[in-house]
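Below is one structure, written out as structure tokens; the observations come after it.
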Amino acid sequence: MSLSRREFIRNFSIAGGGLTLGFTLNAIAGPTAAGDLQPNAFLRITPQGEIIVQIHKVEMGQGTVTGLVTLIAEELEADPASVRYEMAPVDDAFTDPEYRMQITGGSNAIRVYYRPLRETGAAARAMLLAAASARSGLPTAQLQAERGRITSADGRFAYNYGELAAEAGKLPVPENPPLKAAADFRLIGKLDQRLDTPPKVNGSARFGIDAPLPETLVAVVVRPPVARGAMTGYDDSKARDLPGVHSIVAIDAGVAVVASNYWRARKAAEAVTLQWEAGDSALTDSDAIDAALTDALNGDSFATIRDDGEAPEAAPAQALDAEYSVPFLAHATMEPMNATVDPISREVWVGTQAPDITSSFAALGLGVEADEITVHNQFLGGGFGRRSMPDHVLEAAQVAAAVGKRVKLVWSREDDTQHDFYRPPMKSRLSAGLDQSGQVVSWRHRLAGPSLMQSTVDAMAPAIMPGWIPDFLIDFGAGLAGRKDNSSVEGADELPYAFGHIQVAYRNVETPVPLGFWRSVGHSHTAFVVESFVDELAHAAGVDPVAFRRRYLAADSRHRQVLDRVAELSNWGNAPAGHYQGVAVHESFHTLVAEVVEISMQGNTPKLERAFCAVHCGRAVNPDVVRQQMEGGMVFGLCAALKGEITLRDGAVQQGNFHDYPLLRINEVPEIEVAIIDSDAAPTGVGEPATPPAAPALGNAIFAATGQRLRQLPFKLS
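Numbered by the working numbering, the letters in the sequence shown go through residues 1216 to 1933 in order.
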């Protein structure tokens, strides 16, 4: 048995409460409530003319609000700027049909909801037209919807949507409302206005950390410094009498200091002395973990992920071997982890990617049932996968339960860096053979590293698994999840090149370090390995890297489309004097991205000069949002390639803040040019796919500049 990331989430879905539904996820259902409103899980229109959209996929900077509102407003014939949007509550109506839970991840918001949300707007438009027809006596063919009004062709009648809401709400909801033809789109493919920008500029946007609730205490937690460490005791004698301290309580994670504000809680927490003990794993240092990964590559017990094509009978004319490695990475979201919990009303204010899992963790901390919890989701100050794990919500709930008052828990940047759920480290060993004509006849890729899925099962089990399931069964299931973990091999197992024989295998190496989903997940490391080694093969064959890739990609493939477009965009092969280029192409989340990074060298340091990106994401609903995500995704990947590394010593993370876990500064970021491939195909994801090709494109440029093939991240020239 194997359990993929998607299958895991399907199997451990969580049911929410009972919102009255007008529109369901995959189809349109009839209205279930009478009155002067048009009830709808995603949309409602008030008699005052308010158009309100429920945003069930969280906004963490990726443009979700703009995208989802665009889809409804296009078919509803409404001005997106006039739409009021709200963060959706936890409810079955908002369960993702792929993940079987209410979650934002996998870059699937627009891809999955492109048709359902258009149908939502189209159904409401049809109902409003029918109501206007009944009121005016004119057939619907003589009426039209435009900018929030129904008007007659002769100009005699004009009703705003609010005037018709009550009458429309009594009509049956059409099951298959006709959708607009692409030629008639006013918004899709054209709207480049970010709807979440004004509140973020004027300060009215509410993030989890803002939660401006009166009489709220603030908590800071002192945790053991080592992963999986257990507190054995503590001394709070020097902290209890400090100004503003309300209480000090023990929770599962450590000791919580509760005070009147954050500064007082933080200063008191610094006065608490913690006693703790480490776990029983020997892998407490980065060097020991690295050695364990090497030992795994040298051993057996690999799970075969892919094995196709004909293995060559004779030895290749030229054989290449290489070993690549990537480190642990933190998420480094700009807004550190935080959550506010009221133990009396059982409400939670937080920015989370997984509201229903959050309700389960809050319920566990308060000792109640999940359906008793109300989650007020907020804007997220960055997520990148980190905010799909609500460990901080459990902490906040336990503290609130202990003190009996509303509590806001706030992590420091050091807490955030040293107690993250990290992108797992991986080692890859590759070998390939070329025949006398330079054709690739074999490709073998072995990966060794800790299983993200195994770690996720362990971390989530206390909140989402029934209490009667014994620990040994959970451990057994987690082990099965780690055997063939697609999160570890995705991107490597989908190698698009038409090589003669392809073999991919994976071995799980357990470590005590908590693991989590990091922007683009397995693709974040497999793209670096695969596209770097493909570049090695191109140079070994004496073929230009772009031409080499074109040789093994189908002529009509989207891979070829983006590769050819980025080569044209970057003027490939004609870089200015002293500049060097590297290329990479990769598919993730159904989207194809090709990138070229152009650098110069300042001593042993590469300087990012320019970067180019071509993306095929189907129809671009909001083109400027697509460009933003390509730019941001590239910068995210380049940060990791040049600077990102989490190291451990004696079980503790050595980094703490941006001084030793740095990001690219604005003066280091290259000018980025993005080309979107025109397409009438359904949209695919854009939140993550620009990250994977960035590191290999940069590494290939460094090789072009220096002749050094860097196979370990972050890049360090000798």
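For each residue, glycine too, the CB sits at the ideal point set by N, CA and C.
What number of angstroms, rounded off, separates the C-alpha of LEU1379 from the C-alpha of ALA1338?
14 Å
Consult DSSP for ARG1443 and reduce its assignment to one of helix, strand or coil.
coil
Using a 10 Å radius around the Cβ and a threshold of 16 neighbouring Cβ atoms, would you call HIS1874 buried or exposed?
exposed
VAL1728 and PHE1543 closer than 8 Å at C-beta
yes
Is it true that the CB of LEU1752 sits closer than 8 Å to the CB of PRO1535?
In the sequence as presented, Pro is not what sits at residue 1535; that position holds Leu. Contact: yes.
Give the C-beta separation of LEU1258 and THR1335 to the nearest angstrom, bearing in mind that I take them to be a contact with Cβ-Cβ under 8 Å.
5 Å
In this structure, does DSSP put GLY1232 in helix, strand or coil?
In this predicted model, GLY1232 has a pLDDT of only 23, less than 50, meaning its place in the structure is not dependable enough to derive any value.
Strictly by DSSP, which residues pair up with PHE1594?
PHE1422
Can you tell which of GLU1301, GLN1568, LEU1358 and GLY1847 has its C-alpha closest to the C-alpha of GLU1292?
LEU1358
For VAL1470, does the three-state DSSP call read helix, strand or coil?
strand
Once you ignore the five residues that flank PHE1827 on each side, which residues in its own chain have a CB closer than 7 Å to its CB?
VAL1781, LEU1784, SER1785, GLU1810, VAL1811 and GLU1888
State yes or no: is the C-beta of LEU1649 within less than 8 Å of the C-beta of ASP1700?
no
I'd like to check one pair, ALA1493 with GLY1866: are the Cβ atoms closer than 8 Å?
yes
Determine the direct distance from the alpha carbon of ASN1417 to that of SER1501, and round the result to whole angstroms.
44 Å
Per-residue DSSP class, three states only, for PRO1413:
helix
Inspect the beta-carbon positions of GLY1900 and ARG1326 and report whether they are closer than 8 Å.
yes
Reducing DSSP to helix, strand and coil, say where VAL1273 ends up.
coil
Using a Cβ-Cβ cutoff of less than 6 Å, which residues in the same chain neighbour GLY1848 once the five nearest sequence positions on both sides are dropped?
ALA1905 and THR1906
Counted within 10 angstroms of its Cβ, other Cβ atoms place ALA1242 as buried (16 or more) or exposed
Residue confidence for ALA1242 is low, a pLDDT of 29 falling below 50, so the modelled location carries little weight; the figure read from the coordinates is stated next. It counts as exposed.
Using 8 Å as the cut-off, can you tell me whether the stretch 1474-1484 makes contact with the stretch 1602-1618, which would need three or more C-beta pairs spanning the two stretches below that distance?
no
Taking the alpha helix (DSSP H) that TRP1478 belongs to, which residues open and close that run?
1477-1484
For ASN1391, does the count of other Cβ atoms within 10 angstroms reach 16, so buried, or fall short, so exposed?
exposed
8 Å Cβ shell around ARG1362 - same chain, five flanking residues per side excluded
GLU1292, ALA1293 and ASP1294
Just how far apart, CA to CA, sit ASN1819 and ARG1698?
41 Å
Run of the alpha helix (DSSP H) containing ASP1779, from where it starts to where it stops:
1773-1784
Identify whether ARG1259 lies in helix, strand or coil by the three-state DSSP scheme.
strand
For LEU1508, count the other beta carbons within 10 Å of its own beta carbon; 16 or more makes it buried, fewer makes it exposed. Which is it?
buried
Can you tell me the Cα-Cα spacing of PHE1309 and CYS1832, whole angstroms?
24 Å
Cα-Cα separation, ILE1520 to VAL1704:
8 Å
Alpha-carbon spacing of HIS1738 relative to ARG1601, whole angstroms:
16 Å
Can you list, in chain order, the residues of its chain with a C-beta nearer than 8 Å to that of ALA1920? Leave out the 5 residues immediately preceding and following it.
TYR1795, ILE1814, SER1815, MET1816 and PRO1821
Taking ILE1814 as part of the alpha helix (DSSP H), name the residues at either end of that continuous run.
Note, ILE1814: premise wrong, no alpha helix (DSSP H); beta strand (DSSP E) at 1806-1817.
Is the beta carbon of HIS1740 closer than 8 Å to that of ASP2011?
This structure cannot speak to residue 2011, because the chain is shown only from 1216 to 1933.
Is the separation between the beta-carbon of GLU1290 and that of ARG1333 shorter than 8 Å?
yes
Separation of PRO1791 from ARG1880, as counted between CA atoms:
24 Å
Short Cβ contact (8 Å threshold) for ALA1707 with HIS1660:
yes
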